[in-house]
Amino acid sequence: MAPWKWHHLLLAAALAVVLATTLSLRGLAFAQTQPQLVSAYLASGLPTADPTAAAWGRANPVEVPLTAQNIVLPMLGTGSIPTIQVRSLNDGAWIAFRLEWADATKNDKAIAQDQFRDAAAIQLPLNQTVPGVCMGVRGQPVNLWHWKADWQNDIDNGFQDLFAAYPNFWKDYYPFAVGTPPFKAPVDFAGPDARRFLVGWAVGNPLSDPARVTPVEELVAEGFGSATHRVQQTVLGRGVWAAGKWSVVFARPLRTSEQTQAQLAPGGKGIIAVAAWDGANMEVGARKQVSADLALTIAGPTGAPQAAAEAPAQGANYWWLAIPVGLAALVIGSGLAGMLMTIYYRSRPRP
Amino acid sequence: MPKVFNWQLNREMDYPYPSALPSRQFSAVFDLNKCIACQTCTFACKNSWTVGRGQEYMFWNNVETKPYGGYPIAWDARLLEMLGPQTWEGGTYTGKTIFEGAPPGRAAVGFLPEELDWAHPNIGEDETSGLAERGMHLTIPHDIWNFYLPRICNHCSYPACLASCPRKAIYKRPEDGIVLLDQKRCRGYRECVRACPYKKVMYNGVTRISEKCIACFPLIEQGRQTQCIINCIGKIRMAGWIHQPQQVDPESPLDFMVHVRKVALPLYPQFGLMMNVYYIPPVHVPLPYLQQMFGPGVEKAQNVYRQVKDDEQLLGVFLLMGATDRWIEKFKVGGGWAYGYDIKGSEIVRVPLKESTVVRPFFDAARNVYRHNIT
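Taken in order, these protein sequences are the chains called A and B.
So for the first sequence, this note's numbering puts the first residue at 1; every next one is plus one.
So for the second sequence, this note's numbering puts the first residue at 352; every next one is plus one.
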C-alpha cells in the first residue's frame with residue numbers, strides 16, 4: 001500500500017477554501033450545469049416593487065448564462081445579453097425575484113415602427129415537480145411573468161403617447177375624440193365611439209390597454225406561440241434602469257387559489273427559468289435569450305437559509321461559506337485520520 | 352416544409368403550411384393605363400379605416416409613382432436585391448421565392464423598414480425614369496416614362512404575413528380568402544411587417560400591435576365592392592371572385608380578365624405568394640421593367656389590351672369597371688351592352704359599349720340661342 005500523500009490533500013483543501021472565500025466575497029455563485037437558486041427568507045419588508053432595496057443584499061445572487069432562442073422560428077441568431085443575475089427572497093407568504101442584467105441602452109418605448117422594448121421574464125412550470133420545457137408543451141403548461149420596459153415607462157411617467165416619440169406631433173381631428181388638438185391618448189379617446197378607432201384597445205388586447213396597473217404581464221403557455229394573457233393578473237413588479245443595468249423585481253403570493261398558477265410552498269422546492277430581450281437588438285417574441293431551468297429552494301423561517309436571511313452585510317453570505325469550509329474540514333479530517341491510521345498500522349507489531 | 356402549387360409560377364413551391372385555398376377568393380384588377388394618382392382611393396381608405404390615433408402614417412391603400420416611388424421607401428427594390436436572381440424559363444419560375452430563399456431561422460426573405468422609410472409616402476412622385484435628351488420623340492414604349500402603381504393588400508393565397516406570425520394571429524377567411532390580423536391575438540412582434548414583401552402590414556405605436564388592410568370585408572359581406580374601388584374616379588378598378596385555373600368561370604369578370612384573356616397580371620409573382628390583386632400593365636413602359644414586376648405574361652397582356660376595341664367581351668368588362676358599387680358576380684356582353692349580375696342573377700348594372708351620339712342644331716329656334724356644343 002502506497003503511503004498517504006497527506007500534503008496533497010491539505011493543498012487541495014486549502015485551494016477549496018481560497019476559491020470558496022473568493023466567490024463568497026464577490027457575492028456570486030456561478031451557475032454551472034444545474035443552477036441552484038435559494039429564495040432566502042425575510043421575516044418582513046419583502047421588496048415586492050423595489051429592485052434597489054437593501055434587502056436584496058440578503059439574497060444569494062446566481063449568475064445564470066443565457067442562450068439565444070434558436071429552436072423555433074423566428075430565431076434570434078446571436079443575442080447580446082450573455083448572463084443575467086437572479087436573486088430571490090420570500091417572507092413565507094410572498095415570493096419575489098430580482099433579475100439584473102447589463103444593457104447599455106434603455107429601450108422603454110415601442111412607438112415607432114422599428115422600436116422594440118427591453119423585457120425580461122420568469123417561467124414557472126405549472127407542475128413544479130416537472131422540469132419546464134421552454135414555453136411549455138401541450139398538457140404541461142407554464143406560467144410566464146413578462147416585464148416590459150414600455151409598460152414600466154407608462155406606469156412611471158404616464159401612458160407613452162405619440163408625443164414620447166414625436167414631441168412636435170400635431171393632428172387636427174380624430175373621429176369622436178374629445179379635448180383639443182393634437183389630443184392626448186388615452187384620455188381624449190376614452191369614449192366608446194372614439195375607442196373604436198384604437199382597435200386593439202377596443203377589443204381588449206392587453207398590449208393595447210393604456211390603463212396599466214402593473215408592468216408585468218402574467219401569461220399561461222402550452223408551447224411556442226400559445227402564450228395567453230391570464231384573466232387574473234396577480235404578479236407585481238418594477239424595473240429600474242441605471243448605469244447601464246436593468247434590475248427588475250417580480251413578486252407574487254407563494255400560494256394562490258388559481259388552478260392555472262404554479263403553487264409554491266415555504267420550505268419547498270420549485271423550478272424556474274428566465275429570459276431577457278434587448279430592444280436595441282430588435283429582440284421581441286421568440287427572438288429572445290433564455291436560461292436553462294434553475295432549481296429553486298424556498299427557504300422557510302428555520303434552517304440554514306434562514307441563517308442567510310439573518311446575515312447582516314450586503315453581498316456577504318457567510319452561511320454559504322459553511323459548505324466549502326465544511327468540505328475542506330472533512331477532507332483535512334479524513335487526511336489526518338488516514339495518516340494516523342497509517343502510522344498506527346505501520347507501528348503495530350507484525351505477526 | 353409542405354409543397355403547394357402556385358399557378359402564377361407554374362410549379363410547386365415551399366410554404367410553411369399545406370395549401371388551404373378558400374372556397375372563393377377576393378380579388379381585384381387595377382388598370383395601370385388609367386390611373387392618374389389622384390389618391391382618391393387612398394383617402395377613401397384612409398377616411399374609412401386609418402383615421403385613428405397611431406394610424407396617422409398608415410396607408411393601407413397607397414399610390415406610388417414608378418420607377419422611383421415606394422411606400423415604404425424602396426420596399427420592392429430592396430427585396431428584389433435580397434432575393435437574388437429571379438429567372439423564368441417559359442412560363443415557369445426557376446428562381447427562388449421568398450420562402451425558398453429564407454435565411455436560417457426565418458420564415459421568409461424580408462426586412463423591417465425603418466421609421467423614416469414610412470415618412471415619405473409621396474417620394475418619387477411624378478418623377479420620370481430619366482431626363483429628356485435632345486432628339487427624343489414620342490415612341491412606344493416611351494424613352495422616358497413613369498406610371499402610377501396603386502397598391503392594397505394582395506390577400507395572397509400563400510400570405511407571408513400569415514406564414515411568419517409565430518402567434519398565428521393572422522388568418523385567411525375560408526369564405527372569401529380575405530387575410531385578416533386578429534387584433535386580440537397580435538402582440539406587436541412585427542414578424543409580419545418584416546415578411547410581407549408588399550409591406551401592407553403596419554405597426555400601430557399607440558395600440559402597440561400591427562394592423563392591415565381588411566379588404567373592406569363589412570362591405571363585401573353586403574355584396575358591395577371595397578371603398579378604394581367604388582371611390583376610384585378613374586374607374587380603373589374592379590373587385591370580384593377569382594378561381595384557380597382549373598375552375599375558371601368565364602362569366603366572372605375577374606376570371607375573364609386574369610385567366611381567359613390574361614390581360615391582368617400579379618405584382619411580383621416571383622415572391623411566391625400567389626397574390627390576388629392583378630394589374631393591367633401600362634402599354635407605354637419598356638418590357639424589361641414590366642417583366643420584372645409582372646412576370647413573363649406582360650407582352651401578351653399588352654397586345655390583348657391594345658386590341659380591346661375589337662374584343663367586345665373584354666371591352667364590356669372594362670366598361671363595367673367602376674360602373675357600380677355592387678359586387679358583380681357574373682357579366683354578359685351582347686347587343687351593344689355589357690351587363691353585370693349579382694349573386695342571385697339579378698341585373699345590377701348595364702353600360703353601353705358605345706355611348707350614343709346626339710346631334711342638336713347649332714341654332715335653337717325655340718330659345719333663340721346658339722349652342723357652343725352640338726354633340
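Note that beta-carbon positions come from the ideal geometry of N, C-alpha and C, so glycine has one too.
Inset, instruction - For my contact list, F381 (chain B) and V628 (chain B) are in at a C-beta cut-off of 8 Å; report their separation, rounded to the angstrom. - result: Counting from 1 along the second sequence, the entry for residue 381 (chain B) is found at position 30. Counting from 1 along the second sequence, the entry for residue 628 (chain B) is found at position 277. Right, the Cβ-Cβ distance comes to about 7 Å (below 8 Å), so this counts as a contact.
Inset, instruction - Would you identify the three-state DSSP class for W101 (chain A), choosing helix, strand or coil? - result: As a first step, residue 101 (chain A) is located in the first sequence; it is residue number 101 there, counting from the start. Three-state DSSP puts W101 (chain A) in a strand.
Legend entry - Contact under 9 Å by Cβ, K297 (chain B) with L500 (chain B): Nothing can be reported for residue 297 (chain B), as the shown portion of chain B is limited to 352 through 726.
Legend entry - Pair within 9 Å by beta-carbon distance, Q160 (chain A) and V142 (chain A): Translated into the one-based positions of the first sequence, residue 160 (chain A) becomes position 160. Translated into the one-based positions of the first sequence, residue 142 (chain A) becomes position 142. No.
Inset, instruction - To the nearest angstrom, report how far apart H493 (chain B) and E363 (chain B) are at their CA atoms. - result: Residue numbering aside, residue 493 (chain B) sits at position 142 when the second sequence is read from its first letter. Residue numbering aside, residue 363 (chain B) sits at position 12 when the second sequence is read from its first letter. Cα to Cα, H493 (chain B) sits roughly 37 Å from E363 (chain B).
Inset, instruction - Could you say which of A:T297, A:V274, A:L294 and A:G300 lies nearest to K288 (chain A) if we only look at CA atoms? - result: Here residue 288 (chain A) is taken as the residue at index 288 of the first sequence, counted from 1. The shortest Cα separation from K288 (chain A) among A:T297, A:V274, A:L294 and A:G300 belongs to A:V274.
Inset, instruction - Report back the beta-carbon spacing between P604 (chain B) and L671 (chain B) to the nearest angstrom; my notes put them in contact at under 8 Å. - result: One-based indexing of the second sequence puts residue 604 (chain B) at position 253. One-based indexing of the second sequence puts residue 671 (chain B) at position 320. Sure, about 6 Å apart at Cβ, within 8 Å.
Legend entry - Cβ shell of T363 (chain A) (< 6 Å), same chain only, five flanking positions each side left out: The question about residue 363 (chain A) has no answer here: the residues shown for chain A are numbered 1 through 351.
Inset, instruction - Give, in chain order, every residue of the stretch 174 to 193 of chain A whose Cβ lies closer than 9 Å to some Cβ of chain B. - result: Y174, P175, A177, F183, A185, P186, D188 and F189
Inset, instruction - Confirm, please, whether the CB-CB distance from P367 (chain B) to A520 (chain B) is below 9 Å. - result: Here residue 520 (chain B) is taken as the residue at index 169 of the second sequence, counted from 1. Here residue 367 (chain B) is taken as the residue at index 16 of the second sequence, counted from 1. Going by C-beta atoms, A520 (chain B) is not nearer than 9 Å to P367 (chain B).
Inset, instruction - Would you mind sorting S247 (chain A) into buried or exposed? The rule is 16 or more other CB atoms within 10 Å of its CB. - result: The residue given as residue 247 (chain A) occupies position 247 in the first sequence. The residue in question, S247 (chain A), is buried, as its Cβ has 16 or more Cβ neighbours within 10 Å.
Legend entry - At least 3 beta-carbon pairs within less than 8 Å: the stretch 224 to 244 of chain A vs the stretch 550 to 557 of chain B: With the rule of 3 Cβ pairs closer than 8 Å, the stretch 224 to 244 of chain A does not count as touching the stretch 550 to 557 of chain B.
Inset, instruction - Classify E542 (chain B) as helix, strand or coil using the three-state DSSP reduction. - result: What you label residue 542 (chain B) is simply residue 191 of the second sequence in a count that begins at 1. DSSP places E542 (chain B) in helix when its eight states are reduced to three.
Inset, instruction - Using 10 angstroms around the beta-carbon of N398 (chain B), count the other beta-carbons present and answer buried if the total reaches 16, otherwise exposed. - result: Against the second sequence, residue 398 (chain B) aligns to sequence position 47. Residue burial annotation: N398 (chain B) is exposed, with fewer than 16 other C-beta atoms found within 10 angstroms of its C-beta.
Inset, instruction - Counting only the same chain and skipping the five closest in sequence on each side, list residues whose C-beta sits under 7 Å from that of M469 (chain B). - result: Taking the first residue of the second sequence as 1, we reach residue 469 (chain B) at position 118. It is worth fixing the name first, because residue 469 (chain B) is Trp in this sequence and not Met. Within its own chain, the residues whose Cβ lies closer than 7 Å to the Cβ of W469 (chain B), once the five positions on either side in sequence are excluded, are Y408 and P423, listed in chain order.
Inset, instruction - Apply the 10 Å Cβ neighbour rule to Q578 (chain B) and answer buried if 16 or more other Cβ atoms are within range, or exposed otherwise. - result: Against the second sequence, residue 578 (chain B) aligns to sequence position 227. Counting Cβ neighbours within 10 Å, Q578 (chain B) comes out buried, since at least 16 surround it.
Inset, instruction - Quick one: list the residues of chain A neighbouring Q790 (chain B), beta-carbon separation under 7 Å, in chain order. - result: Absent from the model: residue 790 (chain B). The displayed extent of chain B is 352 to 726, so no value can be given.
Inset, instruction - Run the CB neighbour count on V668 (chain B), radius 10 Å, all protein chains shown included, and call it buried at 16 or more, exposed below. - result: Taking the second sequence and counting its residues from 1, the one referred to as residue 668 (chain B) is at position 317. Buried, since its Cβ has 16 or more Cβ neighbours within 10 Å.
Inset, instruction - Spatial neighbours of E377 (chain A) within its chain, please: CB distance less than 7 Å, with the 5 preceding and 5 following residues excluded, ordered by chain position. - result: An answer regarding residue 377 (chain A) cannot be provided, because it is not within the stretch 1 to 351 covered by chain A.
Legend entry - Own chain residues within Cβ distance below 8 Å of I495 (chain B), not counting five before or after: In the second sequence, the residue the question calls residue 495 (chain B) occupies position 144. Once the five neighbours on either side are set aside, the close Cβ partners of I495 (chain B) are T479, S480, G481, L482, A483 and M487.
Inset, instruction - Compute the distance between the beta-carbons of A286 (chain A) and L73 (chain A), then report whether it is under 9 Å. - result: Translated into positions along the first sequence, residue 286 (chain A) becomes position 286. Translated into positions along the first sequence, residue 73 (chain A) becomes position 73. Yes, the pair counts as a contact, with Cβ atoms nearer than the cut-off.
Inset, instruction - For Q359 (chain B), I'd like the list of residues in its chain whose CB is within less than 6 Å of its CB, leaving aside the five on either flank, ordered along the chain. - result: Position 8 of the second sequence, counting from 1, holds the residue named residue 359 (chain B). Cβ neighbours of Q359 (chain B) beyond the five flanking positions: P617, P620 and M625.
Inset, instruction - Say whether chain A places a C-beta atom closer than 9 Å to the C-beta of L463 (chain B). - result: Reading the second sequence from its first residue, position 112 is the one you call residue 463 (chain B). Yes, L463 (chain B) lies at the interface with chain A (some Cβ there is under 9 Å from its Cβ).
Inset, instruction - Note down, in chain order, every chain B residue with its Cβ under 8 Å from the Cβ of W70 (chain A). - result: Taking the first sequence and counting its residues from 1, one reaches residue 70 (chain A) at position 70. Sequence check: residue 70 (chain A) is Asn here, not Trp. What N70 (chain A) touches in chain B: G456.
Inset, instruction - Output yes if chain B places a C-beta closer than 9 Å to the C-beta of V142 (chain A); else output no. - result: Numbered from its first residue, the first sequence carries residue 142 (chain A) at position 142. Output row for V142 (chain A): interface = no.
Inset, instruction - Determine whether the Cβ of I111 (chain A) lies closer than 9 Å to any Cβ atom of chain B. - result: Within the first sequence, numbered from 1, the residue matching residue 111 (chain A) stands at position 111. True, the Cβ-Cβ gap to chain B drops below 9 Å.
Inset, instruction - Assign A717 (chain B) to buried or exposed, taking buried as 16 or more other Cβ atoms, counted over all protein chains shown, within 10 Å of its Cβ. - result: As a working mapping, residue 717 (chain B) is identified with position 366 in the second sequence. Classification for A717 (chain B): exposed.
Legend entry - Residues that N143 (chain A) bridges to, as DSSP identifies them: As a position in the first sequence, residue 143 (chain A) is number 143, starting the count at 1. Beta-bridge partners assigned by DSSP to N143 (chain A): A:L124 and A:V220.
Inset, instruction - Determine the contact status of N60 (chain A) and P266 (chain A), defining contact as a CB-CB distance below 9 Å. - result: Taking the first sequence and counting its residues from 1, the one referred to as residue 60 (chain A) is at position 60. Taking the first sequence and counting its residues from 1, the one referred to as residue 266 (chain A) is at position 266. Not in contact: N60 (chain A) and P266 (chain A) (Cβ atoms no closer than 9 Å).
Legend entry - A31 (chain A) burial status per 10 Å Cβ neighbour count (16 or more: buried): Locating residue 31 (chain A) in the first sequence gives position 31, counting from the first residue. Residue placement at A31 (chain A) is poorly supported in this model, since its pLDDT is 43, which falls under 50; the coordinates still yield a value, given next. Flag for A31 (chain A) reads buried.
Inset, instruction - Kindly indicate if chain A contains any beta-carbon less than 9 Å away from that of P569 (chain B). - result: Taking the first residue of the second sequence as 1, we reach residue 569 (chain B) at position 218. At a cut-off of 9 Å between beta-carbon atoms, P569 (chain B) makes no contact with chain A.
Legend entry - Whole runs of the alpha helix (DSSP H) within the stretch 165 to 237 of chain A, excluding any shorter than 4 residues: 192 to 195 and 199 to 202
Inset, instruction - Closer than 8 Å, Cβ to Cβ, to anything on chain A: give me those residues from the stretch 553 to 564 of chain B, in chain order. - result: M553, Y554, N555, G556, V557, T558, R559, I560 and E562
Inset, instruction - Could you tell me which residues DSSP puts in a beta bridge with S39 (chain A)? - result: Working through the first sequence from its first residue, we reach residue 39 (chain A) at position 39. Paired residue(s): A:S88 and A:I298.
Legend entry - Range covered by the alpha helix (DSSP H) that runs through Y656 (chain B): As a working note, residue 656 (chain B) is residue 305 in the second sequence. If you look at Y656 (chain B), you'll find it in the alpha helix (DSSP H) that goes V649 to R657.
Inset, instruction - Determine the closest residue to E440 (chain B) out of B:Q597, B:P647 and B:W411, with distance taken between C-alpha atoms. - result: One-based indexing of the second sequence puts residue 440 (chain B) at position 89. That would be B:P647, whose Cα lies nearest to the Cα of E440 (chain B).
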